[in-house]
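Residue numbers (numbering that gives the first Met the number 0): 0 to 319.
Here is the structure we will look at.
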Amino acid sequence: MAARTWRTCRRRWRWAGAWRSSCATAAPVLPATQPDAAEPSAVRVIVTRPLAEAERWVQGLAQQGIEALAVPLIEIRPLAQTGAIAAAWRRCRQCQAIMFVSAAAVAHFFAARPPDADLGTPEQGPRLWAPGPGTVAALVRQGVDPRRIDAPAVGSGQYDSEALWAQVGACVQPHWQVMLVRGAARDVSLPAPNASTQRDPSPAAGDAQGEGRDWLARQLVQAGAQLQWVVTYWRAAPRPQAVRQALAQHGVGDDDLWLFTSSQAIGNLRACMPGHDWSRARAIASHARIVAAAREAGFGEVQESRPALADVAASIKSAQ
């Protein structure tokens, strides 16, 4: 153990030394939780989800005896103007299904609900689709009756749009109205910086969630459904200096294990650390497309895991 501790300290010192030159000011303190003393983890996990989700994951991993540190690589921001979301709420009862791409999509959609709008009864209102357990839990927190939610079965090999389509595809009828509630790469409620720029109907380039969402949209169109896209939030990259400061302050090194649940987070990390050598770094990714993005970034060891917290915890322990 002593040899491992010295190796860990040496590698973290190498990383900190390489980055500290760009960190002239004090780094922001990011939430970190120590594991249970009874079950100390041999590896620290770097959670890259948006801040609110990362904090929940740090706490959940701590309960599994795993030390974790939140270094958010995506910022979730509300739209400056929510009139389009309010208008979408008033169309909900005309839809046969509403697809929420993430827990953030749920939270921002319900936050903008007008007082005079609702989803109707489970029997007469639209079905609500969720690609995974996190989105299901977000809907339930908003008071949605679980009986009206369609999602991949618990224990599915993967939680994504493909697994969701396996559950709902046979039910879709021609001329169905399906609303897809999602995020965007910029605040689409404001004029585009370039007047010729179109509204952002597409995912961030290479994002696994976005690619799956577009795949699902194609299946719906082929089945004869009519789609309504509703943007409820936008995804921003963190400030590069803040990320570099956090990594240096907390001594992140090659012995740490990165947890990626979005290809966009990997892209943002590469933008924050241009030219960095990731060949000795390790990662766990929650989807095959994210695994590919991590390998393209140069991570030397990448392991795929199902995205549920219990499955990720098991993968982390197997990687120690």
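Idealized CB from N, CA, C, for every residue including glycine.
Keep in mind the model is a prediction, meaning the values are calculated, not measured.
Where residue i falls: helix, strand or coil (DSSP)
| i | result |
| --- | --- |
| Gln-218 | helix |
| Arg-76 | strand |
| Ala-37 | A caution first: Ala-37 carries a pLDDT of 37, below 50, which makes its placement in the model unreliable, though a value can still be read off. Correct three-state label for Ala-37: coil. |
| Arg-43 | strand |
| Val-100 | coil |
| Thr-120 | coil |
| Val-187 | coil |
| Gly-182 | strand |
| Arg-279 | coil |
| Ala-26 | At Ala-26, the pLDDT of 39 sits below 50, so the modelled position is not reliable and the matter cannot be decided from this model. |
| Ala-313 | helix |
| Val-177 | strand |
| Ala-152 | coil |
| Ala-284 | strand |
| Asp-213 | helix |
| Ala-307 | coil |
| Gly-250 | coil |
| Ala-318 | helix |
Cβ pair residue i, residue j closer than 8 angstroms
| i | j | result |
| --- | --- | --- |
| Ile-283 | Val-311 | yes |
| Ala-150 | Ala-129 | yes |
| Ala-103 | Gly-211 | no |
| Arg-48 | Gln-95 | no |
| Asn-267 | Pro-237 | yes |
| Trp-257 | Ala-280 | yes |
| Phe-99 | Val-180 | yes |
| Leu-50 | Pro-71 | yes |
| Ile-73 | Ser-317 | no |
| His-174 | Gln-93 | no |
| Trp-164 | Leu-246 | no |
| Thr-134 | Ser-155 | no |
Anticipated Cβ contact below 8 angstroms, residue i with residue j, distance rounded
| i | j | result |
| --- | --- | --- |
| Gly-168 | Gln-123 | Wrong, their Cβ atoms sit about 22 angstroms apart, outside the cutoff. |
| Phe-109 | Gln-141 | 5 angstroms |
| Gln-172 | Gln-227 | Not really, about 16 angstroms apart at Cβ, beyond 8 angstroms. |
| Val-105 | Ala-137 | 4 angstroms |
| Ile-315 | Val-44 | 6 angstroms |
| Leu-60 | Cys-91 | Not really, about 36 angstroms apart at Cβ, beyond 8 angstroms. |
| Val-153 | Pro-121 | In fact, because the Cβ distance is near 20 angstroms, the residues do not count as touching under 8 angstroms. |
| Glu-303 | Val-290 | 5 angstroms |
N-terminal and C-terminal residue of the beta strand (DSSP E) that residue i is part of
| i | result |
| --- | --- |
| Leu-256 | 256-259 |
| Trp-233 | 225-235 |
| Arg-126 | 126-128 |
| Val-301 | 300-303 |
| Ala-67 | 66-69 |
Any non-hydrogen atom of the ligand HEM closer than 7 angstroms to residue i Cβ
| i | result |
| --- | --- |
| Ala-287 | This structure lacks the ligand HEM, and indeed carries no ligand of any kind. |
Span of the alpha helix (DSSP H), counted from its first residue to its last, around residue i
| i | result |
| --- | --- |
| Ala-293 | 287-296 |
| Cys-271 | 262-271 |
| Gly-133 | 132-140 |
| Ala-61 | 50-62 |
| Pro-114 | Where Pro-114 is concerned, there is no enclosing alpha helix (DSSP H), given that its DSSP letter is neither H nor E. |
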